[in-house]
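In what follows, a single structure is set out as C-alpha coordinates and then discussed.
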Amino acid sequence: MSDNQNLLAEQRRALILDEVRRRGGVRVNELTRRLNVSDMTVRRDLDALARQGVVEKVHGGAVPVAEPSTHEPGFEAKSALELRAKEDIARAAARLVAPGSAIALSGGTTTYALAHHLLEVPELTVVTNSVRVADVFHSAQQSGTEGGRRPGAATVVLTGGVRTPSDSLVGPVADQAIRSLHFDMLFLGVHGISVEAGLSTPNLAEAETNRRLVRAARRVVVVADHTKWGTVGLSSFADLAEVDTLVTDAGLPAAAREEIADHLPGLVVAGEPDGDGAPRPAEQYDGQDG
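According to the working numbering, the sequence shown is numbered sequentially starting from 3.
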(Lines of atoms letter the chains of each structure in order from A and count residues from 1; the text may use other names and numbers.)
(Lines give C-alpha, C1' and ligand atoms only; values in the text may rest on other atoms or scores of the structure.)
Protein backbone atom coordinates (compact mmCIF):
# COMPACT_ATOMS: atom_id res chain seq x y z
CA MET A 1 0.00 0.00 0.00
CA SER A 2 1.47 3.34 -1.03
CA ASP A 3 1.64 6.25 1.39
CA ASN A 4 -1.01 8.97 1.14
CA GLN A 5 0.92 12.08 0.07
CA ASN A 6 -2.08 14.37 0.58
CA LEU A 7 -1.63 14.43 4.36
CA LEU A 8 1.39 16.00 6.01
CA ALA A 9 2.92 13.98 8.82
CA GLU A 10 1.72 16.46 11.47
CA GLN A 11 -1.84 16.37 10.09
CA ARG A 12 -1.83 12.58 10.00
CA ARG A 13 -0.55 12.38 13.57
CA ALA A 14 -3.19 14.85 14.74
CA LEU A 15 -5.87 12.59 13.22
CA ILE A 16 -4.35 9.54 14.90
CA LEU A 17 -4.22 11.27 18.28
CA ASP A 18 -7.83 12.35 17.94
CA GLU A 19 -8.86 8.74 17.22
CA VAL A 20 -6.88 7.47 20.20
CA ARG A 21 -8.51 9.97 22.55
CA ARG A 22 -12.01 9.58 21.13
CA ARG A 23 -12.05 5.78 21.10
CA GLY A 24 -9.68 5.05 23.96
CA GLY A 25 -7.25 3.22 21.68
CA VAL A 26 -6.54 2.25 18.07
CA ARG A 27 -4.99 -0.64 16.18
CA VAL A 28 -2.32 -0.24 13.52
CA ASN A 29 -4.29 -2.16 10.87
CA GLU A 30 -7.33 0.10 11.41
CA LEU A 31 -5.20 3.21 10.89
CA THR A 32 -3.57 1.91 7.71
CA ARG A 33 -7.01 1.38 6.17
CA ARG A 34 -8.45 4.69 7.32
CA LEU A 35 -5.45 6.83 6.34
CA ASN A 36 -4.46 4.80 3.28
CA VAL A 37 -0.84 4.60 4.36
CA SER A 38 1.59 1.79 4.99
CA ASP A 39 1.99 -0.15 8.22
CA MET A 40 5.50 1.32 8.57
CA THR A 41 4.19 4.90 8.26
CA VAL A 42 1.61 4.34 10.99
CA ARG A 43 4.21 2.82 13.30
CA ARG A 44 6.52 5.80 12.73
CA ASP A 45 3.64 8.13 13.55
CA LEU A 46 2.89 6.22 16.73
CA ASP A 47 6.57 6.35 17.68
CA ALA A 48 6.55 10.13 17.21
CA LEU A 49 3.39 10.56 19.30
CA ALA A 50 4.83 8.30 22.00
CA ARG A 51 7.97 10.47 22.14
CA GLN A 52 5.71 13.50 22.65
CA GLY A 53 4.17 11.66 25.58
CA VAL A 54 0.58 11.81 24.30
CA VAL A 55 0.06 8.11 23.51
CA GLU A 56 1.38 4.84 24.88
CA LYS A 57 2.27 2.12 22.41
CA VAL A 58 0.82 -1.31 23.09
CA HIS A 59 0.94 -4.54 21.13
CA GLY A 60 -0.71 -3.87 17.77
CA GLY A 61 -1.65 -0.24 18.42
CA ALA A 62 -1.73 2.60 20.95
CA VAL A 63 -3.78 3.92 23.88
CA PRO A 64 -3.98 7.45 25.35
CA VAL A 65 -1.72 8.56 28.15
CA ALA A 66 -3.63 9.81 31.17
CA GLU A 67 -2.14 13.26 31.73
CA PRO A 68 -1.92 14.63 35.27
CA SER A 69 -3.85 17.83 35.90
CA THR A 70 -0.54 19.69 36.31
CA HIS A 71 0.85 18.70 32.90
CA GLU A 72 1.36 21.69 30.58
CA PRO A 73 2.47 20.89 27.01
CA GLY A 74 4.76 23.34 25.23
CA PHE A 75 3.63 25.60 22.39
CA GLU A 76 5.31 23.54 19.67
CA ALA A 77 3.75 20.28 20.89
CA LYS A 78 0.27 21.83 20.91
CA SER A 79 0.78 23.50 17.54
CA ALA A 80 0.80 20.13 15.76
CA LEU A 81 -2.62 19.11 17.12
CA GLU A 82 -6.08 19.80 15.62
CA LEU A 83 -4.71 22.04 12.88
CA ARG A 84 -7.87 22.11 10.75
CA ALA A 85 -10.09 22.67 13.79
CA LYS A 86 -8.00 25.61 14.99
CA GLU A 87 -8.09 27.20 11.55
CA ASP A 88 -11.88 26.82 11.33
CA ILE A 89 -12.29 28.26 14.83
CA ALA A 90 -9.97 31.19 14.10
CA ARG A 91 -11.84 32.08 10.92
CA ALA A 92 -15.22 32.01 12.67
CA ALA A 93 -14.00 33.96 15.72
CA ALA A 94 -12.49 36.71 13.55
CA ARG A 95 -15.98 37.45 12.18
CA LEU A 96 -17.02 38.56 15.66
CA VAL A 97 -14.55 41.47 15.71
CA ALA A 98 -15.59 44.95 14.60
CA PRO A 99 -13.06 47.49 13.25
CA GLY A 100 -11.74 49.84 15.89
CA SER A 101 -12.43 47.47 18.79
CA ALA A 102 -10.27 47.07 21.87
CA ILE A 103 -9.73 43.33 22.23
CA ALA A 104 -7.56 40.98 24.26
CA LEU A 105 -6.05 37.68 23.18
CA SER A 106 -4.73 35.23 25.75
CA GLY A 107 -1.89 32.84 25.06
CA GLY A 108 -2.41 29.59 23.16
CA THR A 109 -2.17 28.02 19.74
CA THR A 110 -5.80 28.77 18.84
CA THR A 111 -5.50 32.47 19.69
CA TYR A 112 -2.25 32.44 17.68
CA ALA A 113 -4.21 31.17 14.67
CA LEU A 114 -6.88 33.82 15.33
CA ALA A 115 -4.29 36.60 15.34
CA HIS A 116 -3.46 35.87 11.69
CA HIS A 117 -7.13 36.29 10.74
CA LEU A 118 -7.36 39.64 12.54
CA LEU A 119 -4.59 41.33 10.57
CA GLU A 120 -7.02 42.74 8.02
CA VAL A 121 -9.42 44.16 10.63
CA PRO A 122 -8.50 47.86 10.75
CA GLU A 123 -7.67 50.04 13.74
CA LEU A 124 -7.73 47.37 16.43
CA THR A 125 -6.19 47.83 19.84
CA VAL A 126 -4.89 44.43 20.92
CA VAL A 127 -3.80 43.56 24.44
CA THR A 128 -2.11 40.20 24.78
CA ASN A 129 0.01 38.21 27.20
CA SER A 130 1.20 35.97 24.35
CA VAL A 131 4.65 36.54 22.88
CA ARG A 132 3.61 34.57 19.78
CA VAL A 133 0.46 36.62 19.21
CA ALA A 134 2.35 39.90 19.63
CA ASP A 135 4.92 38.72 17.05
CA VAL A 136 2.15 38.12 14.49
CA PHE A 137 0.94 41.71 14.72
CA HIS A 138 4.46 43.13 14.97
CA SER A 139 5.52 41.39 11.75
CA ALA A 140 2.43 42.69 9.97
CA GLN A 141 3.14 46.25 11.15
CA GLN A 142 6.52 46.16 9.44
CA SER A 143 4.97 45.44 6.04
CA GLY A 144 4.12 49.10 5.35
CA THR A 145 5.59 51.01 2.43
CA GLU A 146 9.26 51.95 2.77
CA GLY A 147 9.45 50.29 6.15
CA GLY A 148 6.72 52.45 7.67
CA ARG A 149 3.79 51.26 9.75
CA ARG A 150 1.09 49.56 7.66
CA PRO A 151 -2.05 51.76 7.42
CA GLY A 152 -4.77 50.51 9.76
CA ALA A 153 -2.41 48.14 11.55
CA ALA A 154 -3.34 47.15 15.09
CA THR A 155 -1.91 48.89 18.12
CA VAL A 156 -0.52 46.10 20.30
CA VAL A 157 0.08 46.13 24.04
CA LEU A 158 2.14 43.19 25.31
CA THR A 159 2.00 42.58 29.04
CA GLY A 160 5.17 41.73 30.88
CA GLY A 161 5.48 38.68 33.07
CA VAL A 162 7.06 35.26 33.44
CA ARG A 163 7.01 33.06 30.35
CA THR A 164 5.16 29.72 30.55
CA PRO A 165 5.81 26.59 28.42
CA SER A 166 3.00 27.78 26.11
CA ASP A 167 4.74 31.17 25.64
CA SER A 168 2.24 33.14 27.72
CA LEU A 169 3.36 35.90 30.07
CA VAL A 170 1.88 35.48 33.54
CA GLY A 171 2.40 36.46 37.16
CA PRO A 172 2.25 39.73 39.13
CA VAL A 173 3.70 41.93 36.37
CA ALA A 174 1.13 40.72 33.83
CA ASP A 175 -1.67 40.96 36.40
CA GLN A 176 -0.76 44.56 37.23
CA ALA A 177 -0.66 45.52 33.55
CA ILE A 178 -4.15 44.11 32.96
CA ARG A 179 -5.75 45.46 36.13
CA SER A 180 -6.52 48.98 34.85
CA LEU A 181 -7.57 47.97 31.32
CA HIS A 182 -11.00 47.38 29.79
CA PHE A 183 -11.66 45.34 26.63
CA ASP A 184 -14.66 45.17 24.35
CA MET A 185 -13.95 41.48 23.84
CA LEU A 186 -11.58 38.83 25.19
CA PHE A 187 -10.61 35.80 23.12
CA LEU A 188 -9.49 33.15 25.54
CA GLY A 189 -7.69 29.90 24.82
CA VAL A 190 -8.09 27.22 27.47
CA HIS A 191 -6.49 23.96 28.54
CA GLY A 192 -9.83 22.49 29.54
CA ILE A 193 -13.53 23.31 29.75
CA SER A 194 -16.29 21.44 31.57
CA VAL A 195 -19.61 22.06 33.29
CA GLU A 196 -18.21 21.15 36.71
CA ALA A 197 -14.80 22.86 36.58
CA GLY A 198 -15.54 25.66 34.13
CA LEU A 199 -12.37 26.95 32.46
CA SER A 200 -9.14 25.50 33.78
CA THR A 201 -5.37 25.41 33.29
CA PRO A 202 -2.51 23.35 34.77
CA ASN A 203 -0.54 26.54 35.53
CA LEU A 204 -1.48 28.34 38.78
CA ALA A 205 0.06 31.68 37.77
CA GLU A 206 -1.66 31.54 34.38
CA ALA A 207 -4.97 30.91 36.14
CA GLU A 208 -4.66 34.17 38.06
CA THR A 209 -3.68 36.14 34.95
CA ASN A 210 -6.64 34.65 33.07
CA ARG A 211 -8.94 35.72 35.91
CA ARG A 212 -7.71 39.29 35.44
CA LEU A 213 -8.38 39.08 31.70
CA VAL A 214 -11.92 37.80 32.26
CA ARG A 215 -12.71 40.57 34.75
CA ALA A 216 -11.47 43.25 32.33
CA ALA A 217 -13.64 42.12 29.39
CA ARG A 218 -17.17 43.18 28.52
CA ARG A 219 -17.60 40.02 26.46
CA VAL A 220 -15.70 36.73 26.92
CA VAL A 221 -15.26 34.43 23.92
CA VAL A 222 -13.59 31.07 24.48
CA VAL A 223 -11.86 29.57 21.44
CA ALA A 224 -11.31 25.86 22.01
CA ASP A 225 -11.35 22.76 19.82
CA HIS A 226 -13.52 19.78 20.72
CA THR A 227 -10.72 17.90 22.53
CA LYS A 228 -10.77 20.54 25.31
CA TRP A 229 -14.34 19.66 26.30
CA GLY A 230 -14.31 17.47 29.43
CA THR A 231 -10.63 18.20 30.17
CA VAL A 232 -9.85 19.56 33.63
CA GLY A 233 -6.60 21.26 34.63
CA LEU A 234 -5.25 21.87 38.12
CA SER A 235 -6.79 25.31 38.61
CA SER A 236 -10.18 26.68 37.56
CA PHE A 237 -10.22 30.39 36.76
CA ALA A 238 -13.76 31.06 35.48
CA ASP A 239 -17.22 29.51 35.61
CA LEU A 240 -19.17 28.83 32.44
CA ALA A 241 -21.56 31.57 33.58
CA GLU A 242 -18.75 34.09 32.93
CA VAL A 243 -18.44 33.02 29.28
CA ASP A 244 -20.58 34.69 26.62
CA THR A 245 -19.65 32.54 23.61
CA LEU A 246 -17.75 29.34 22.90
CA VAL A 247 -16.31 28.98 19.41
CA THR A 248 -15.43 25.34 18.75
CA ASP A 249 -15.23 22.94 15.81
CA ALA A 250 -17.43 20.34 14.14
CA GLY A 251 -15.76 17.49 16.03
CA LEU A 252 -17.78 18.35 19.15
CA PRO A 253 -20.36 15.57 19.71
CA ALA A 254 -24.08 16.38 19.62
CA ALA A 255 -24.55 15.51 23.30
CA ALA A 256 -21.82 17.97 24.29
CA ARG A 257 -23.37 20.68 22.12
CA GLU A 258 -26.69 20.28 23.90
CA GLU A 259 -25.01 20.37 27.30
CA ILE A 260 -23.03 23.49 26.41
CA ALA A 261 -26.11 25.21 24.98
CA ASP A 262 -27.80 24.72 28.36
CA HIS A 263 -25.02 26.65 30.11
CA LEU A 264 -23.78 29.28 27.63
CA PRO A 265 -25.60 32.12 25.87
CA GLY A 266 -23.76 31.46 22.60
CA LEU A 267 -22.19 28.45 20.89
CA VAL A 268 -20.57 28.75 17.47
CA VAL A 269 -19.63 25.49 15.71
CA ALA A 270 -17.10 26.30 13.00
CA GLY A 271 -16.39 24.24 9.88
CA GLU A 272 -19.61 22.25 10.07
CA PRO A 273 -19.76 20.08 6.91
CA ASP A 274 -22.86 20.08 4.73
CA GLY A 275 -24.27 17.09 2.91
CA ASP A 276 -21.47 16.85 0.32
CA GLY A 277 -18.66 17.29 2.80
CA ALA A 278 -17.89 20.90 1.89
CA PRO A 279 -17.55 23.39 4.75
CA ARG A 280 -20.35 25.83 5.38
CA PRO A 281 -20.45 28.96 7.54
CA ALA A 282 -20.22 28.57 11.30
CA GLU A 283 -23.43 27.39 12.91
CA GLN A 284 -24.75 29.46 15.82
CA TYR A 285 -26.52 27.87 18.76
CA ASP A 286 -28.28 30.31 21.05
CA GLY A 287 -28.92 27.95 23.93
CA GLN A 288 -32.65 27.81 23.26
CA ASP A 289 -34.78 24.91 22.09
CA GLY A 290 -35.15 24.48 18.37
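Beta carbons are placed, not taken as given, at the ideal position from N, Cα and C, and that holds for glycine.
Whether residue i touches residue j by CB criterion (8 Å)
{"i": "valine 129", "j": "phenylalanine 185", "result": "yes"}
{"i": "leucine 17", "j": "leucine 37", "result": "yes"}
{"i": "leucine 236", "j": "leucine 206", "result": "yes"}
{"i": "alanine 219", "j": "methionine 187", "result": "yes"}
{"i": "aspartate 169", "j": "valine 133", "result": "yes"}
{"i": "alanine 176", "j": "glycine 163", "result": "yes"}
{"i": "arginine 23", "j": "threonine 229", "result": "yes"}
{"i": "valine 270", "j": "alanine 94", "result": "yes"}
{"i": "alanine 117", "j": "valine 135", "result": "yes"}
{"i": "asparagine 212", "j": "leucine 171", "result": "no"}
{"i": "alanine 104", "j": "histidine 119", "result": "no"}
Other residues of its chain near residue i: CB distance less than 6 Å, five sequence neighbours each side excluded
{"i": "glycine 273", "result": "Asp90, Asp251, Ala252 and Pro281"}
{"i": "alanine 199", "result": "Val234 and Ser238"}
{"i": "glycine 173", "result": "Gly163, Val164 and Ala207"}
Residue i - DSSP class collapsed to helix/strand/coil
{"i": "arginine 221", "result": "coil"}
{"i": "alanine 142", "result": "helix"}
{"i": "methionine 3", "result": "Below a pLDDT of 50, predicted positions are generally treated as unreliable, and methionine 3, at 34, falls in that range; no measurement from the model is reported."}
{"i": "leucine 248", "result": "strand"}
{"i": "alanine 240", "result": "strand"}
{"i": "leucine 19", "result": "helix"}
{"i": "valine 216", "result": "helix"}
{"i": "arginine 165", "result": "strand"}
{"i": "alanine 136", "result": "helix"}
{"i": "threonine 34", "result": "helix"}
{"i": "threonine 233", "result": "coil"}
{"i": "valine 123", "result": "coil"}
{"i": "valine 172", "result": "strand"}
{"i": "alanine 257", "result": "helix"}
{"i": "leucine 188", "result": "strand"}
{"i": "alanine 106", "result": "strand"}
{"i": "valine 44", "result": "helix"}
{"i": "arginine 181", "result": "helix"}
Sequence-distant residues of the same chain with beta carbon closer than 7 Å to residue i, five excluded per side
{"i": "valine 30", "result": "Asp41, Val44, Arg45, Gly62 and Gly63"}
{"i": "glutamate 244", "result": "Val216 and Val222"}
{"i": "glutamate 125", "result": "Pro101, Gly102 and Gly154"}
{"i": "arginine 181", "result": "Arg214"}
{"i": "alanine 179", "result": "Thr161 and Gly162"}
{"i": "threonine 34", "result": "Met3, Ser40, Asp41 and Val44"}
{"i": "glycine 55", "result": "Val67"}
Anticipated Cβ contact below 8 Å, residue i with residue j, distance rounded
{"i": "glutamate 58", "j": "alanine 52", "result": "7 Å"}
{"i": "phenylalanine 189", "j": "threonine 127", "result": "Contact flag wrong, Cβ pair sits at about 14 Å."}
{"i": "aspartate 241", "j": "proline 267", "result": "At roughly 13 Å, the Cβ-Cβ gap does not stay under 8 Å, so aspartate 241 and proline 267 are not in contact."}
{"i": "glycine 232", "j": "serine 202", "result": "Not really, about 11 Å apart at Cβ, beyond 8 Å."}
Which residues DSSP lists as bridging residue i, in chain order
{"i": "glutamate 274", "result": "According to DSSP, which records beta bridges pairwise, glutamate 274 is partnered with nothing at all."}
{"i": "serine 196", "result": "Gly200"}
{"i": "proline 66", "result": "Val57"}
{"i": "threonine 157", "result": "Thr127"}
{"i": "valine 28", "result": "Ala64"}
Close beta carbons around residue i, own chain, < 8 Å, minus the five adjacent residues each side
{"i": "alanine 115", "result": "Lys88, Glu89, Ile91 and Ala92"}
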